[in-house]
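A short write-up of the structure that comes next.
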Amino acid sequence: MSWKRALAGFLLFCVLTGLTGCAAQNSILFRPVDDLIRPPRPQGADTAALLNAFRSGRPKESPSFLLQPVLTGDYQGSSLLFHDLDGDGNPEGIVLFQEGSSTLSEHPMGQLSVFSKEKDGGWRLRQTLPGSGSDVLSVRFVDLNKSGVQELLICWRQAAGRTLFALYGRAPGQPLEDTQRIANYYYSQLDCLDVDGDGQLEIFYVWLDDTQQPVQAIARALRLVTREAATKKAVPQPGVDILGEVRLNASVAEYTSLHPCQLPNGAHCFLLDADKGAGGMITEILLWDAENSQLTNLFFDPEQQTNTATWRKKAIPVRDIDGDSLPEIPIQSQLPGSGALVKSQLQEPVYLTRWCRLTDDLTLAPLADYDCRLYFNATQWVRLPQALAERITAVAETQAKPGEVVIHCYAWDGQTAGEELFWIKTGPADGNVQNTGQANRLMLQFSRTDAGLKQNLDLRFLAVFEEDGT
């Protein structure tokens with residue numbers, strides 16, 4: 002029984018010292034009271050040496066710290082990063098951490114320490130910089146001023162859930178000790194893009210600001226610049242200027258994705274999907290106006306503060322649907338007569354979806370092979386021939402089983418709905434309909450047994466698909 006007593010004693014020791022999970026989420030706790038609390042297994046001598054240099058340099062009055070692993074992206078899971086920050090060909094070391102606390106119930110702001118490797122192989126602290134949140138969402142290194150030296154862009158998350166990005170760097174030719182936090186902004190979507198086509202990358206971000214009323218939403222491009230020294234003894238300072246800024250639709254729940262693209266005529270545009278909740282989805286089309294050197298929102302109505310040109314009821318995101326490397330936009334319109342068929346809360350109108358491409362003359366042109374689709378959800382759809390789409394109306398009905406929807410299709414003479422012709426169903430299969438035997442597949446059933454119905458309605462090209470092509 003002695004081994005059981007030993008095990009119980011060890012577990013109690015772990016609880017008292019915080020080893021068993023009292024540390025803040027996504028963090029690794031280090032305390033000097035014992036050396037049994039160890040970091041993740043080092044991935045080489047540099048990692049171990051860097052961590053030892055960081056630990057040995059901690060102030061005696063506050064030696065506890067929390068390593069902060071990156072949560073997403075290329076550096077996911079890493080708290081110690083290595084990258085050449087000064088262009089000398091040798092990587093510097095970066096430690097992402099928080100100051101520790103006794104209870105760890107707080108959410109201290111993250112920090113980062115930058116080290117350089119000395120000739121003797123040791124690591125020397127060059128700078129410790131403030132973070133902008135308690136979690137490190139992502140890290141990227143990017144040259145934003147064509148200097149040949151990359152800046153450090155870190156996306157942070159605060160305890161309240163808001164996200165900020167912080168840009169770290171220094172003026173060209175300045176030492177590592179001059180590294181500073183250059184910019185610090187809230188964001189909803191973020192990327193580093195050549196917005197104006199001059200070959201230099203900018204920080205392009207979107208921010209939906211619900212901290213004020215009315216809610217404001219903007220898209221903004223920031224350019225990294227060097228500000229000249231005010232005096233002879235002063236050194237040049239890095240900064241950011243606003244290259245372009247444009248107002249967005251603020252009546253959205255969330256901006257969900259950003260799709261940069263270049264039109265055949267060379268114009269740079271940015272497609273921004275926005276979820277309007279029960280109000281559907283839109284895509285903001287942002288364009289760099291080279292003639293006037295400004296960012297524009299192509300279909301934004303400044304009086305209504307919205308964009309209706311790219312609206313759809315279903316939350317169908319922008320995607321490259323035809324494989325031409327350019328993203329296309331789904332646009333929906335309600336089938337004529339569909340609204341009049343809605344008789345209960347379980348029913349809703351049916352919308353016809355057409356996939357459109359932004360042309361050189363800045364119009365939305367439907368793709369011939371990707372029009373007349375009825376979507377059940379973001380991935381399941383039915384394609385109708387154009388001639389058939391003009392001769393039917395429909396209503397969607399939610400069934401008792403989760404995810405089960407039936408679209409009832411009726412004859413349409415342009416004014417009134419006639420008899421039900423056929424219905425299409427998605428959701429768990431049942432025994433009343435012949436199907437592929439797979440759950441969550443689309444099923445087609447004719448409402449009449451008239452042998453000539455298919456030919457009379459020109460259903461020869463009716464196709465039932467899922468987004469993977471099956």
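Position in the sequence shown (first residue = 1) + 1 = the numbering used here. Backbone N, C-alpha and C define an ideal beta-carbon position, used for all residues, glycine too.
#1: Along the chain, where does the beta strand (DSSP E) that runs through A218 open and close?
#2: Could you check what DSSP says for R355 in three-state terms: helix, strand or coil?
#3: Would A275 and N250 be called neighbours here (beta carbons separated by less than 8 Å)?
#4: How many Å lie between R228 and C357 at the Cα?
#5: Check for me: the beta strand (DSSP E) holding L138 runs from which residue to which?
#6: Which residues share a DSSP beta bridge with N185?
#7: Over what stretch of residues does the beta strand (DSSP E) that includes Q238 continue unbroken?
#8: For D36, does the three-state DSSP call read helix, strand or coil?
#9: Tell me the DSSP secondary structure of S252 in three-state form.
#10: Keeping to the same chain, check which residues put their C-beta closer than 6 Å to that of H260; ignore five residues upstream and five downstream.
#11: Suppose the cutoff is 6 Å on Cβ atoms and the five residues either side in sequence are ignored; what does the same chain contact list for D85 look like?
#12: State the Cα-Cα distance for the pair G240 and P265, rounded to the nearest angstrom.
#13: Considering only their Cβ atoms, is the gap separating Q238 from A167 smaller than 8 Å?
#14: Taking C-alpha atoms, which residue in I95, G101, A50, V96 lies nearest to E487?
#15: When you compare only the Cα positions, how much space is there between R59 and I243?
#16: Does DSSP put Q387 in a helix, in a strand, or in coil?
#17: Under a three-way DSSP split, which group does G338 fall into?
#18: What does the Cβ neighbour count give for K344, buried or exposed, with the cut at 16 atoms within 10 Å?
#19: Output needed for S133: all residues of its chain with C-beta closer than 7 Å, excluding positions within five of it in sequence on either side, in chain order.
#20: Using three-state DSSP, classify R158 as helix, strand or coil.
#21: Between the Cα of E246 and those of Q214, I204, Y256, spot the shortest distance and give me the residue it belongs to.
#22: Quick one: Cα of A160 to Cα of L126, how far?
#23: Are L385 and C373 touching if we call contact CB-CB under 8 Å?
#24: Could you please give the first and the last residue of the uninterrupted beta strand (DSSP E) stretch that includes R127?
#25: Using a Cβ-Cβ cutoff of less than 7 Å, which residues in the same chain neighbour V143 once the five nearest sequence positions on both sides are dropped?
#26: Relative to the C-alpha of V396, which candidate in I322, D89, L288, Q346 has its C-alpha closest?
#27: Given this structure, state the Cα-to-Cα distance separating D47 from A231, to the nearest angstrom.
#28: According to DSSP, is N53 part of a helix, a strand, or is it coil?
#29: Can you grab the Cα-Cα spacing for the pair R182 / D323, in whole Å?
#30: Can you name, in chain order, every residue of its own chain whose Cβ lies under 7 Å from the Cβ of D321, other than the five neighbours on each side?
#31: Output the boundary residues of the beta strand (DSSP E) element that contains C373.
#32: Give the straight-line distance between the Cα atoms of A291 and A218, rounded to the nearest whole angstrom.
#33: Put E285 into one of helix, strand or coil per three-state DSSP.
#34: Taking the continuous beta strand (DSSP E) assigned at W424, which residues delimit it?
#35: With distances taken from CA atoms, which of S117, G123, G162, P403 is nearest S135?
#36: Rounded to the nearest angstrom, what separates A268 and L359 at their Cα positions?
Per the coordinate set shown:
#1: 217 to 228
#2: strand
#3: yes
#4: 44 Å
#5: 136 to 143
#6: A167
#7: 238 to 248
#8: Reliability fails at D36, whose pLDDT of 32 lies under 50, so the model's placement of it is uncertain and the value that follows must be treated cautiously. D36: coil per DSSP, three-state reduction.
#9: coil
#10: L272, V319, P328
#11: P92
#12: 34 Å
#13: no
#14: Limits of the chain in this structure are 2 at one end and 471 at the other, which puts residue 487 out of reach.
#15: 39 Å
#16: helix
#17: coil
#18: exposed
#19: W157, L165, A167, N185
#20: strand
#21: I204
#22: 28 Å
#23: yes
#24: 124 to 131
#25: Q151, E152, L154, C193, L202
#26: Q346
#27: 40 Å
#28: helix
#29: 43 Å
#30: L327, P328, E329
#31: That residue, C373, is in no beta strand (DSSP E); it is neither H nor E in DSSP.
#32: 23 Å
#33: strand
#34: 418 to 427
#35: G162
#36: 11 Å
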